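Data block below; observations after.
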Amino acid sequence: MSTILLKGLKHIPPPHDLSDKELEEAIDRLHHQTLWKYYHFLRRPVNEEEDDDTIARDRYIPTKYNGFTPCNFIGENNLIVHSLNNIRAGIEEYKESTMPPRKSRSNEIKLLRSLLTDYPEIIFKATDKNLGLAALTLTQYDSICMEHLSNPVNYRLAAEDHFSKIRLQRMIMMKYDVLTKYTSQGDPYPFAKHEQVFLSKQGDFTLPKFHCLPKLHKRGPLKGRPIAGAVNWITTPISRILDLRLQTHLHQEEFSCILKNSKQLVDELELGNSFLPTNLNNFYLITGDVQSLYPNIDIARLLEIIEEVDFTLVPLVDFVCNNSYVEYAGRIYKQLNGIAMGTNAAVSLANIYMAKLIDRYIRSRPQVFYYKRYIDDLFIIWNGSLEMWDRVQTNVNRIHPKIHIDFSTPSLRKVDFLDITVSMCPWKLQLETSIYQKALNKYLYITPESTHVPHMFSGFITGELTRYARLCSNVFAYTRIKQQFFTRLVNRGYSRRWLHAIFKRHRWTSRWKLRNVRKYSPILPFVVRYSKRHNFTLVEKLFKTKAHEFDDYFENPKLMLVYSRSANISDLITSSALTRQQINILKVQDR
23 MSTILLKGLK HIPPPHDLSD KELEEAIDRL HHQTLWKYYH FLRRPVNEEE DDDTIARDRY
83 IPTKYNGFTP CNFIGENNLI VHSLNNIRAG IEEYKESTMP PRKSRSNEIK LLRSLLTDYP
143 EIIFKATDKN LGLAALTLTQ YDSICMEHLS NPVNYRLAAE DHFSKIRLQR MIMMKYDVLT
203 KYTSQGDPYP FAKHEQVFLS KQGDFTLPKF HCLPKLHKRG PLKGRPIAGA VNWITTPISR
263 ILDLRLQTHL HQEEFSCILK NSKQLVDELE LGNSFLPTNL NNFYLITGDV QSLYPNIDIA
323 RLLEIIEEVD FTLVPLVDFV CNNSYVEYAG RIYKQLNGIA MGTNAAVSLA NIYMAKLIDR
383 YIRSRPQVFY YKRYIDDLFI IWNGSLEMWD RVQTNVNRIH PKIHIDFSTP SLRKVDFLDI
443 TVSMCPWKLQ LETSIYQKAL NKYLYITPES THVPHMFSGF ITGELTRYAR LCSNVFAYTR
503 IKQQFFTRLV NRGYSRRWLH AIFKRHRWTS RWKLRNVRKY SPILPFVVRY SKRHNFTLVE
563 KLFKTKAHEF DDYFENPKLM LVYSRSANIS DLITSSALTR QQINILKVQD R
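The sequence shown begins at 23 in the numbering used here and counts up by one.
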């Protein structure tokens, strides 16, 4: 058992073969999704002029797509239906000509499942900062969760019995219905037509499950990072629309301090090297980290800020932020402060909040040579005295009582920020960047024994090497981290000979390779779960030979065989919700 768990949370034990039923469901899904795309392709507007704002707000609304709706608008005699039937016939021929699927599960999966049923008093959790898997007693885990939920400042018990839960959900549903139809003045809320369709077709909602990730990297008593994924809660549809609308405002100049990723920082520092001050004696590198940003956002102040940005979004923000509920151990709690981390608009709201409160002040200081922020992480190049910085640092932490930033000690040499190290080269007198990896990192890459799609192994290695090349500003830093990566992969079980072929092809100069910007192509995916079913390459060949048949129906279509991932160790033994048996154990302990 320990050997299985050491393979890492992303390891996929061999699943049972892809069944005939799954193949039939996949071809049905491909059939109707393709017909829907063809139907909308025929009805597309001709010479329609739309700006980016119209497209973002009125045309594109993301949806959680679990199934499909049959398309009955395309007749059976249409040629595209004939092409789809040819693919269906090819799948049927494969099913008849090969061995039937094996239904037995691997011993690894059986052992992992028995581990959960035989030891319900043990909780398995992924640790904070990706330090691997942790096993806690149920009592330990309950204590770190209740440390958050029992805090009356942040949470309040909203419902614990069946009837109070029903009343609560009905009350929230009434709020949702009112918001999606009317404003506070009784007028219809200005949702676009596509937004109205999206909001009216929502299915059943599920409460976010509260859980904690153990913080093993912290000294002292065991703590947990609270997580509540609001992926299908009643606020999710509103939050998706809100996020799309907020994105249109984040391109303004006042939000230019917001970083998209560490690659943007590397590019800007390399371009800015020629503008460095000649006197480097007062030139300091500083980073900052906001303490618990999301729970400490003042909702009343946030609403005032959003009103300044776009007053029409205030009702949406109010609904999303004031209906944050979580479920733990059969009880429902309401989050009283801040915004839920799992909601779609959380990042955009946090960025706007910080930009108006903190960024505005810091960037206005004349000694700030350069300033960028990635959500709650700040990077500053300070060109001034340390006495002046101490005053600025104190003033920043006085802007709002709930926002406290831990700043690093100003350094003349180097600082670690996100996944890079920014340092001053003493010879060139220029800023350089290299990869930063925490000392506690266990480098639990997927092993060669994992049941991933074969091309995934070379794909993730090439992708990681490309990331190293883009974030390392010189070839020496890239070569050093590349050698370390090679050794770590060998330790995970990869063949040296196989790795050499990949590593030999990759160069530091790939950092300047431009990505090919492809024209929009409608993707027609045949999505199936990956397994090692006998002779499945015949299906792959089928889609390669049939791809050209759809050129007559779309512009540059891409008929693709797409593999979904089977359950990995994390899916099998770590769950955000407690089981009924574990809830009963906790109830007995409380008596």
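All residues carry an ideal CB built from backbone N, CA and C; glycine is no exception.
As the structure is a computational prediction, the values presented were derived from the model and not from experiment.
Proximity to residue i [Cα-Cα], best of the options
i	options	result
proline 248	Arg323, His170 and His271	His170
serine 386	Pro230, Met363 and Glu276	Glu276
threonine 258	Gly364, Ala180, Met168 and Val312	Gly364
isoleucine 403	Arg519, Arg435 and Gln269	Arg435
proline 35	Arg110, Asn107, Ser105 and Arg127	Arg127
isoleucine 427	Met376, Asn557, Ser105 and Pro470	Met376
isoleucine 524	Gly485, Lys554 and Gln191	Gly485
tyrosine 490	Arg502, Gln313 and Ile319	Arg502
leucine 511	Asn496, Ser495 and Ile483	Ile483
leucine 134	Ile591, Lys554 and Arg241	Ile591
cysteine 167	Lys245, Ser517 and Thr202	Lys245
glutamate 562	Ala569, Arg555, Leu583 and Leu28	Leu583
tyrosine 516	Lys223, Ile468 and Thr601	Ile468
histidine 477	Lys240, Tyr585 and Gly97	Tyr585
leucine 190	Glu292, Ile256 and Ala322	Ile256
alanine 461	Leu408, Ile327 and Asp441	Asp441
leucine 536	Thr488, Ser172, Ile354 and Tyr141	Thr488
lysine 8	Ile188, Thr149, Val312 and Ile327	Outside the displayed range of the chain (23 to 613) lies residue 8, so it cannot be described from this structure.
glutamine 415	Ser136, Leu45 and Ile380	Ile380
valine 549	Asn557, Lys356, Thr473 and Glu47	Glu47
Segment limits, alpha helix (DSSP H) that includes residue i
i	result
isoleucine 384	382-385
glutamine 286	284-294
arginine 51	42-64
glycine 112	101-119
arginine 602	602-612
proline 259	258-269
aspartate 593	591-595
tyrosine 375	368-376
lysine 32	That residue, lysine 32, is in no alpha helix (DSSP H); it is neither H nor E in DSSP.
phenylalanine 565	559-568
Nonlocal neighbours in the same chain, by C-beta distance under 7 Å from residue i, ignoring five residues either side
i	result
aspartate 593	none
lysine 285	Arg492 and Leu493
phenylalanine 572	Ser105, Leu546, Pro579 and Leu581
aspartate 340	Leu325
leucine 64	none
aspartate 226	none
glutamine 604	Pro142 and Leu160
isoleucine 77	Legend: pLDDT at isoleucine 77 = 41, less than 50; position of this residue unreliable, no value from coordinates given.
Chain-order list of residues whose beta-carbon lies under 6 Å from that of residue i (same chain, five-residue window excluded)
i	result
lysine 59	Pro544
tyrosine 392	Ile403
asparagine 359	Asn176 and Pro317
valine 288	Thr455 and Leu493
leucine 221	Thr202 and Pro259
lysine 86	Unreliable placement is indicated for lysine 86, whose pLDDT of 43 sits below 50; the coordinate value is still reported in the next sentence. Nothing meets the Cβ criterion.
alanine 599	Lys231
8 Å CB neighbourhood of residue i in its chain, flanking five on each side removed
i	result
cysteine 452	Checking the sequence shown, residue 452 turns out to be glutamine, not cysteine. Asn295, Leu298 and Met446, listed in sequence order.
threonine 309	Asp399, Leu400, Phe401, Ile402, Phe429, Ser430, Val437, Asp438 and Phe439
Residue range of the beta strand (DSSP E) that includes residue i
i	result
tyrosine 306	305-312
glutamine 357	353-357
serine 586	580-586
phenylalanine 391	390-396
isoleucine 249	246-250
Alpha helix (DSSP H) runs contained entirely in the stretch 153-241, provided each spans 4 or more residues: 160-171, 184-201 and 215-222
Fully enclosed by the stretch 399-481, which beta strand (DSSP E) runs are 3 residues long or longer? 399-405, 427-429, 436-439, 442-447 and 452-457
Assess, as a yes-or-no matter, whether the stretch 36-52 is touched by the stretch 122-137 under the definition of 3 or more beta carbon pairs within less than 8 Å. yes
At a cut of 8 Å, does the stretch 328-345 reach the stretch 195-204 through at least three beta carbon pairs? Counting Cβ pairs under 8 Å, three or more are found: they touch.
What residue ranges within the stretch 514-553 form continuous beta strand (DSSP E) runs of no fewer than 3 residues, ordered along the chain? You should have 545-551.
With three or more C-beta pairs closer than 8 Å as the rule, is the stretch 153-170 touching the stretch 227-237? yes
To test your reading of the DSSP string, which unbroken alpha helix (DSSP H) runs of 4 or more residues are found completely within the stretch 312-356? 321-331 and 336-343
Closer than 8 Å is the cut-off here; do at least three beta carbon pairs connect the stretch 102-110 with the stretch 40-57? The stretch 102-110, when compared against the stretch 40-57, does touch it at the 8 Å Cβ threshold.
Would you list, in sequence order, the uninterrupted beta strand (DSSP E) runs of no fewer than 3 residues that lie entirely inside the stretch 121-148? The stretch 121-148 contains these whole beta strand (DSSP E) runs: 144-148.
Spell out a yes or no on whether the stretch 259-275 and the stretch 328-335 are touching, meaning 3 or more CB-CB pairs, one atom from each, closer than 8 Å. yes
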